[in-house]
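Here my numbering is used: the first residue of the sequence shown is 216, the next is one more, and so on.
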Amino acid sequence: MADRAYNFAAGPAIMPEPVLRKAQSELLNWHGCGMSVMEMSHRGSQFAEILASAKESFKRLLNVPDTHEVLFLQGGATAQFAAVPLNLMDGGSASYAVTGNFSGIAAKEAEKYGRVSVAYEGRGNNYTHIPAQDELNIAPESAYFHYCANNTIFGTAWDYVPETGGVPLVCDMSSEIMSHPVDVSKYALIYAGAQKNIAPAGLTVVIIDRSIAGRESAAAPQIMSYRKMIDKDSMLNTPPCWCIYMLGLVLEWLESQGGVAEMDRRRRERSALVYDVLDNSRLYRPHAESGSRSMMNVTFRTGDEELDAQFVKGAAARGLLNVKGHRLTGGMRASLYNAMPLEGARALADYMKEFEVKHHV
Ligand SMILES: *Cc1c(COP(=O)(O)O)cnc(C)c1O
Numbered sequence: 216m217a218d219r220a221y222n223f224a225a226g227p228a229i230m231p232e233p234v235l236r237k238a239q240s241e242l243l244n245w246h247g248c249g250m251s252v253m254e255m256s257h258r259g260s261q262f263a264e265i266l267a268s269a270k271e272s273f274k275r276l277l278n279v280p281d282t283h284e285v286l287f288l289q290g291g292a293t294a295q296f297a298a299v300p301l302n303l304m305d306g307g308s309a310s311y312a313v314t315g316n317f318s319g320i321a322a323k324e325a326e327k328y329g330r331v332s333v334a335y336e337g338r339g340n341n342y343t344h345i346p347a348q349d350e351l352n353i354a355p356e357s358a359y360f361h362y363c364a365n366n367t368i369f370g371t372a373w374d375y376v377p378e379t380g381g382v383p384l385v386c387d388m389s390s391e392i393m394s395h396p397v398d399v400s401k402y403a404l405i406y407a408g409a410q411k412n413i414a415p416a417g418l419t420v421v422i423i424d425r426s427i428a429g430r431e432s433a434a435a436p437q438i439m440s441y442r443k444m445i446d447k448d449s450m451l452n453t454p455p456c457w458c459i460y461m462l463g464l465v466l467e468w469l470e471s472q473g474g475v476a477e478m479d480r481r482r483r484e485r486s487a488l489v490y491d492v493l494d495n496s497r498l499y500r501p502h503a504e505s506g507s508r509s510m511m512n513v514t515f516r517t518g519d520e521e522l523d524a525q526f527v528k529g530a531a532a533r534g535l536l537n538v539k540g541h542r543l544t545g546g547m548r549a550s551l552y553n554a555m556p557l558e559g560a561r562a563l564a565d566y567m568k569e570f571e572v573k574h575h576v
């Protein structure tokens, strides 16, 4: 590892090195057209090919059924916090499971557009726990039920798809999209800010059941209308061209590696290396309950802020970057996305063990 560190940042995050190299090789002259993807018209045939191919790869990899459309939007997952209620609430109500920071923000945003019923609130346990099915209280009249599959900050994740009794299911998959197979047909809508696991910042992917589009409130900005974006194939206005191109390269890489089933195997292997250290440690305490653990973001602390700071500093000195936890949790967080090599997780686990031997009293 001469010039590339292991980057454990939560997002924007590590990208597969072969993807960066491919982008570099095509940077000045894409496929002989004499210009960079950054410079070409989004209405031209070359970019049309880039977008269509990224969309096809995306649908193939996640096995997206024909009932659903894939959209490439802007504004991050945060724009979807507003777009979802603006399009789907229809002046009524919606249920939200609040299992972390982002699902809390999403619920708060939705309150501007209708009634929000809280199906689960995890504040009381400091978001260490993911509710079981029988802990969910989904109001049957809800226009939809919203949850966040992987809680990036607290390091917890749902290991099942909630049953809603017929209420349309909406999910924020920002920090786990393309890390495992998903039965897309169960969802009315899935969204993901791309900068965690699949592309550079600036792109949000939405997978939507076409039959739920077209109910947006009259006041909804056209840029947030799913119906309009479906009709225009994500090109109502200039799309995030460069990010879509990079997404296409990431997905090409992903397919060459064996797709989402292989990503699932790798995330289990990577995260097990780190959780194994935590489970055998007298120094570190994991944040998440054992049944609620995320395989994408592993959160832990020593219980001593000074020692946590030393841990982070020592990690950086070895090229293990960005392991400082979010300010809401403190301690440490290691994000282990698709592009993180197993050796990166192993280097972190080894460092954790060494640090414990040196500092445990
Ligand atoms: C990062 C993140 C967000 C916020 O994403 P932006 O693209 O910055 O708006 C929302 N939800 C989850 C789960 C995230 O990880």
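C-beta: ideal position from N, C-alpha, C; glycine also.
Here the structure is a predicted model, which means the values were calculated and not measured.
- In terms of Cβ geometry, Ile368 and Met388 do not form a close pair [threshold 8 Å].
- Between Val252 and Tyr460 the beta-carbon gap is near 4 Å, inside 8 Å, which marks them as a contact.
- Between Thr371 and Ile353, the C-beta gap is not smaller than 8 Å, which leaves the two residues out of contact.
- The beta carbon of Ala224 is closer than 8 Å to those of Leu536, Asn537 and Ser550 in its chain, skipping five residues each way along the sequence.
- Runs of the alpha helix (DSSP H) lying entirely within the stretch 473 to 532 and spanning at least 4 residues, in chain order: 474 to 494 and 520 to 532.
- With the rule of 3 Cβ pairs closer than 8 Å, the stretch 255 to 262 does not count as touching the stretch 373 to 393.
- The secondary-structure analysis by DSSP pairs Thr371 across a beta bridge with Asn366 and Arg508.
- Nearest Cα to Leu557 within the set Pro454, Ser486 and Tyr342: Ser486.
- Beta-bridge partners of Lys539 (DSSP): Met547.
- Distances between the C-beta of Gln289 and the heavy atoms of ligand 1 are all 7 Å or more.
- A distance below 8 Å separates the beta carbons of Val331 and Ala309.
- Boundaries of the beta strand (DSSP E) around Glu284: His283 to Leu288.
- For Leu288, the closest of Ser471, Leu451, Gly546 and His502 by C-alpha to C-alpha distance is Leu451.
- Per DSSP, reduced to three states, the secondary structure at Gly463 is helical.
- For ligand 1, a non-hydrogen atom lies closer than 7 Å to the CB of Phe317.
- Sequence-distant partners of Arg533 (beyond 5 residues in either direction) whose C-beta falls short of 8 Å from its own C-beta, in its chain, are Ala562 and Tyr566.
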